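With my numbering, letter number 350 in the sequence shown gets 359, and the count goes up by one each step, no holes.
Have a look at the structure below, then the notes.
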Amino acid sequence: MSVDYSYIAAEAKSQIEAASDKAAIEGLRIKYLGRKGVLQDHMAKIPELAPEERRAYGSGLNDLKNNISAWLAEKEAALGVAAPPSAAGYVDVTLPGKKPVLGRLHPLTQVEGQICDIFCRLGFKVFKGPEVETEHNNFVALNIPLEHPSRDAFDTFYIKKCQVSGVRCQEKAHDIGNMTQETLLLRSHTSPAQIRAMKAAEPPMAVIMPGRVYRPDAVDASHSFMFHQVEGIAVDAQIRFSDLKGVLIAFAREMFGKDTKLRFRPSFFPFTEPSAEVDISCFLCKAKGCPACKKSGWIEILGCGMMHPHVLRSGGYDTKKWRGFAFGMGVERIAMLKFGVNDIRLFFENDMRFLEQF
Ligand code: PHE
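Take a look at the structure:
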């Protein structure tokens, strides 16, 4: 008995070459190499052969099996790397769509916006001062004396004039020893915007001044060399400390909840007199005592006071006619409390896993 392998081989080869997809390849694999396939049929005949024929017959079938396997693998690989139909303009409309990544406001921008929004509803207007300020506006105009620690080179980022060619101060000359008003720095608080706001508007006026401030602090969980403040001033003929209290109480109730209580502690700032630091009753533990309020029930959120006459004069306001109140608060601190964030650095790392949560 003999068998014509070349006939099977030729047929298998042409069918494999004609296969146009993986399903067809799989069909041919089953047809030729499957348990009930063509080759298996021939294998089943081996016991019927004379012993001397078996070896040649078997090894011929084996070669055929190897060849068919190789052709199948070759064709499969060729189909796999070939361009899929979609490249030819085919669109699978049943595939799920790609979800566009939606942007959103940074948590600090959200909180800054919320703060400004509340004060705007109380009649304040938003005013923005520059981040590069004159030493005059940042310190002198605000009654901060030369010996004040915040004026030290270690506590403020000074900018040498030569490094900021083109940036020139528009103010009138102020003679302060060997320094001129053109000494520039990165503002260490938003208070210098008070001076610019007064120069830009006639009293009575009420403005809120948000923005970035800079201090060369070592960065850790609660310090950053750049952070945000919101400053506010209101100037009028008869304005009093009680007006300041009323405005801050209204703000705190909107921002932290209607049961929020305020505590005014006497304090000192060169640019306000009298001055106070303001604590809110802890809205996280309802003043019972928790880690956020260090078990005291109170959280410090801002500094404030009646504007010092020196500051009103620096802004060009007549101190016989006008008085004002001022306050300043840190945006990061409020955002950390509101969102339960325990490390200020998270706001500035641009890690999507963090930012996506707000
Ligand atoms: N400028 C002060 C600070 O940075 C805050 C402040 C503003 C205090 C206005 C009183 C009035 O700490």
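Note that CB positions come from ideal geometry on N, CA and C, so glycine has one too.
On a predicted model such as this, the values are computed, not experimentally measured, just so you know.
Inter-residue distance for Leu293 and Ile310 is about 14 Å (C-alpha atoms, whole angstroms). Distances taken from the Cβ of His198 to the heavy atoms of the ligand PHE include one shorter than 6 Å.
Residue environment: Tyr66 is assigned as buried (16 or more neighbouring CB atoms within 10 Å of its CB, all protein chains considered).
Cβ contact annotation for Leu194 (same chain, cutoff 7 Å, sequence separation greater than five): Glu142, Glu144, Asn147, Thr165, Phe166, Tyr167, Ile168, in chain order. By alpha-carbon distance to Gly337, the top candidate from Ala18, Lys74, Ala285, Thr192 is Ala285. One thing to note: Phe367 has its Cβ no nearer than 7 Å to the Cβ of Leu117.
Taken through DSSP and simplified to helix, strand or coil, Pro275 comes out as strand.
Per the coordinates, the alpha-carbon of Arg38 lies some 10 Å from the alpha-carbon of Ala82.
Counting along the chain, no beta strand (DSSP E) covers Glu20; the unbroken alpha helix (DSSP H) around it starts and ends at 14-27. Distances from the CB of Thr281 to the heavy atoms of the ligand PHE include at least one below 6 Å. In the displayed model, Phe334 falls within a strand according to three-state DSSP. In this structure, the alpha-carbon of Lys347 lies about 12 Å from that of Ile308. In this structure, Gln238 lies away from Val228, with their beta-carbon atoms at least 7 Å apart. Apart from sequence neighbours up to five positions away, the residues of its chain that approach Ala18 with a beta-carbon distance below 7 Å are Leu73, Asn76, ordered along the chain. DSSP places Ser200 in the coil class of the three-state scheme, outside both helix and strand.
In this structure, Val244 keeps its C-beta atom at 7 Å or more from the C-beta atom of Pro219. Distances from the CA of Lys137 to each of Ala79, Arg196, Asn152 were compared; the closest alpha carbon is that of Arg196. In chain order, Ala285, Glu286, Val287, Asp288 place their CB closer than 8 Å to the CB of Arg274, counting only its own chain and leaving out the 5 sequence neighbours on each side.
Boundaries of the beta strand (DSSP E) around Cys313: 307-316. The three-state reading of DSSP puts Thr143 in strand, counting E and B together.
Around the beta carbon of Phe260, a 10 Å sphere encloses 16 or more other beta carbons of the protein chains shown; the residue is thus reported as buried.
The C-alpha of Leu321 is placed about 7 Å away from the C-alpha of Asp327. Lys84 sits in a helix when the DSSP states are folded into three classes. Looking at the backbone, the Cα of Gly325 and that of Ala215 are separated by about 16 Å.
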